[in-house]
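For the sequence shown, the positions run 0 to 197 when numbering that gives the first Met the number 0 is used.
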Amino acid sequence: MKRVTIADIESDSGEIGIDRRRLSGPLNTTDVAINHYRLAPGTGFPGGLHSHMDQEEVFVVIKGEATFETLASGSDTGETVTVGAGEAIRFAPGGEFHSGANESDGDLLAVAIGAPPDSEDVRIPLECPECSHDDMRVRMDEEGVTFVCPDCDTECVPRACLECGREEMRFALAEENQAVVVCPNCSAEFDRPPLRDR
Ligand SMILES: [Zn+2]
Ligand SMILES: [Zn+2]
């Protein structure tokens, strides 16, 4: 048996307003990843719209309200779902894009569970420029981030924001619920992520 007190675990997020405590290490879990979050208003769970081909994710809301944007694979329009205290939401592996944030006025307390604990195959809702496959895989290595088509192996390298130069653009839903790319720094919006020539 392993028992932990969440208050005794240190947050490792490094971002203002985002308190993330990883329970998996202290609990010695082998088949599941568990993170406890306290998110200040206006912050969110890590990442823009993404899906895992090899991992299911569950979010349990303890206090406050979580707002998730979701987009089914191959669909042009997504939807926004609000999950309140005492509720939970699951995202199945494979092509169910999602992104969660605290858009309320108060703190959000939630537990995020992922199984298996590690995901090797993360996808974004970007159509392959070569073969039109409806998502691309995110590869992270010493060269940085590369988008790879799982079908034809075409590779694209994302550029920084064309407006402010910030890296790490995120997919999100725009007004009409279609997927766009948004800069987390200056909020500039693009229909497709700016890409670099290789
Ligand atoms: Zn392709
Ligand atoms: Zn920007």
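Beta carbons are placed, not taken as given, at the ideal position from N, Cα and C, and that holds for glycine.
Suppose you measure from the CA of residue i to the CA of residue j; what does that come to, to the nearest Å?
i      : j      : result
Arg191 : Val180 : 6 angstroms
Asn176 : Asp30  : 35 angstroms
Leu70  : Glu142 : 29 angstroms
Gly99  : Pro149 : 25 angstroms
Cys130 : Glu55  : 27 angstroms
Cys160 : Ala171 : 15 angstroms
Pro25  : Val3   : 7 angstroms
His49  : Gly93  : 10 angstroms
Ile15  : Ile33  : 21 angstroms
Thr79  : Met52  : 21 angstroms
Val82  : Val144 : 31 angstroms
Ser12  : Pro128 : 34 angstroms
Gly77  : Thr28  : 34 angstroms
Tyr36  : Ser74  : 30 angstroms
Pro115 : Ser10  : 22 angstroms
List the endpoints of the continuous beta strand (DSSP E) containing residue i.
i      : result
Gly63  : Here Gly63 belongs to no beta strand (DSSP E), and DSSP marks it neither H nor E.
Val144 : 143-147
His35  : 32-38
Met135 : 135-140
Assuming contact is defined by CB atoms lying nearer than 9 angstroms, are residue i and residue j in contact in what I supplied?
i      : j      : result
Phe146 : His97  : no
Pro157 : Met139 : no
Cys155 : Arg195 : yes
Asp117 : Glu126 : no
Glu102 : Glu162 : no
Pro183 : Arg165 : yes
Ile17  : Gly43  : yes
Leu22  : Leu107 : no
Arg20  : Ile5   : yes
Ala178 : Glu188 : no
Which residues bound the alpha helix (DSSP H) around residue i?
i     : result
Gly24 : 23-26
* To do: Could you tell me which uninterrupted alpha helix (DSSP H) segments, each at least 4 residues in length, are contained entirely in the segment 83-129, listed from first to last along the chain?
  => none
* Taking one C-beta from the segment 53-62 and one from the segment 76-95 each time, how about it: are there three or more such pairs within less than 8 angstroms? -> yes
* Asked: Taking only runs of the beta strand (DSSP E) that begin and end inside the segment 151-186, which ones reach a length of at least 3 residues, in chain order?
  -> 154-157, 169-172, 178-181
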